[in-house]
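In this text, residue positions in the sequence shown follow my numbering: the first is 61, and each later residue adds one. Structure, as structure tokens:
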Amino acid sequence: MKKPLIPEAQFDWLAKAWIGQLPAYVLSGISDDDCAILRIGRQKLVVTTDFLNASPIALEHGLGNYEDLGYLLVGANLADLAGTGAKPIGFLAGITLPKDSSEGQFRMLMKGVKRGLLDYGIPLVGGDT
Numbered sequence: 061m062k063k064p065l066i067p068e069a070q071f072d073w074l075a076k077a078w079i080g081q082l083p084a085y086v087l088s089g090i091s092d093d094d095c096a097i098l099r100i101g102r103q104k105l106v107v108t109t110d111f112l113n114a115s116p117i118a119l120e121h122g123l124g125n126y127e128d129l130g131y132l133l134v135g136a137n138l139a140d141l142a143g144t145g146a147k148p149i150g151f152l153a154g155i156t157l158p159k160d161s162s163e164g165q166f167r168m169l170m171k172g173v174k175r176g177l178l179d180y181g182i183p184l185v186g187g188d189t
């Protein structure tokens, strides 16, 4: 039987795999919860990435729609930043949808992203969809 992958259990393995290979400006990273802290001159830049599950339970059980998922995407990423005390200055949306998704579903998702970002006064600066 194949051992199931538990992503959170891989942090230590990943951190050890990169020992001695990260530049000095990386103050915190691989083994921390979805964030990295980088020194840029005298400033610190906190970056994060979080994504939604490929089969979100909200859709599976009718608890939410694509707009809700977009809003949740913003919240999940902001929660990671809040844990570091960082002030969000921009948002990169990383989104993967099933191949059979419609343009309407994508637009609903992005409507939720926009609503979330407007609520917190953060601009969408790019991403990968």
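Just so you know, even glycine gets a beta-carbon here, dropped at the ideal spot from N, CA and C.
Which residue from Gly143, Met168, Pro148, Thr144 puts its Cα closest to that of Ile155? Met168
Indicate whether Gly187 and Leu152 have their beta-carbon atoms separated by less than 9 Å. yes
Stretch-stretch touch, CB-based, cutoff 8 Å, three pairs: the region 126-141 with the region 170-177: yes
Buried or exposed for Tyr180, going by 16 or more other Cβ atoms inside 10 Å? exposed
Hey, would you say Ile90 sits closer than 9 Å to Ala96, going by beta carbons? yes
Once the 5 residues before and after Leu87 are set aside, which same chain residues still bring their CB inside 6 Å of it? Ile97, Arg99
For Ser161: DSSP bridge partner residues: According to DSSP, Ser161 bridges with nothing at all.
Proximity winner among Pro64, Leu65, Pro183, Lys171, relative to Asn125 (alpha-carbon distances): Lys171
Asp110 versus Gly122 - alpha carbon distance: 22 Å
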